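Asks:
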Amino acid sequence: MKTNLTQKIIAGAIMCTLFNCSLESEESNIESFSATEDLEVTDSTIPPPCPGFDPQARLTNNGTSVFSFEVYTVQGEFLAGEYGIGPGETSEWLPFEEGEVLFSLESDNITDIKISQDMEACEMFDMEIDSDNQLVGM
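Take 597 as the starting number for the sequence shown in this note's numbering and just add one per residue.
1. What is the DSSP secondary structure of Asp714, reduced to helix, strand or coil?
2. Does any C-beta atom of chain C lie closer than 9 Å to the C-beta of Glu702?
3. By the three-class DSSP mapping on this structure, what secondary structure does Gly733 have?
4. How should Asn705 be labelled, buried or exposed, when 16 other C-beta atoms within 10 angstroms of its C-beta is the threshold for buried?
5. Within its chain, find whatever has a CB closer than 7 Å to the CB of Asn729; leave out the 5 residues flanking it on each side and keep chain order.
6. State the DSSP-derived secondary structure class of Asn658, mapped to helix, strand or coil.
Next comes the structure, spelled out in structure tokens:
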């Protein structure tokens with residue numbers, strides 16, 4: 597008798613559990629998906645969409661000297677610059693016009709470093725100074 601009662605209680609508990617479970621409809625899944633689609637990314641480190649944007653360049657200083665970073669046309673016209681980039685610092689992304697440009701890196705302890713590069717729209721040029729104050733990455 598006790599076995600029948602125990603079996604009926606267990607069966608009743610399982611049935612209650614099964615009836616209390618609910619399935620979500622497809623509509624609620626679609627609604628929750630469309631709600632996440634409207635989110636906007638606001639991280640300032642992500643570059644903007646590209647079409648029509650000027651090329652950009654920046655300098656990362658892992659050396660021991662303070663550097664100045666300038667961008668010129670090959671005819672010598674100044675386009676952009678950032679000064680006083682200390683050890684362990686990275687300059688802002690400097691936008692400038694498309695075409696062949698000259699990057700100039702200067703420091704009190706280092707001779708002038710010049711790099712010529714043809715830059716197109718949306719192109720990004722990232723330069724790095726190493727611990728010996730030498731240009732190592734482009």
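All C-beta atoms in this analysis are idealised placements derived from N, C-alpha and C, irrespective of residue type, glycine included. Every value quoted in this text rests on a predicted model; they were computed, and no experiment measured them.
Replies: Working from what's here:
1. strand
2. As a matter of chain content, chain C is missing from the structure shown, which is built from one protein chain.
3. strand
4. exposed
5. Gly659, Thr660, Ser661, Ser703, Asn705 and Ile706
6. coil
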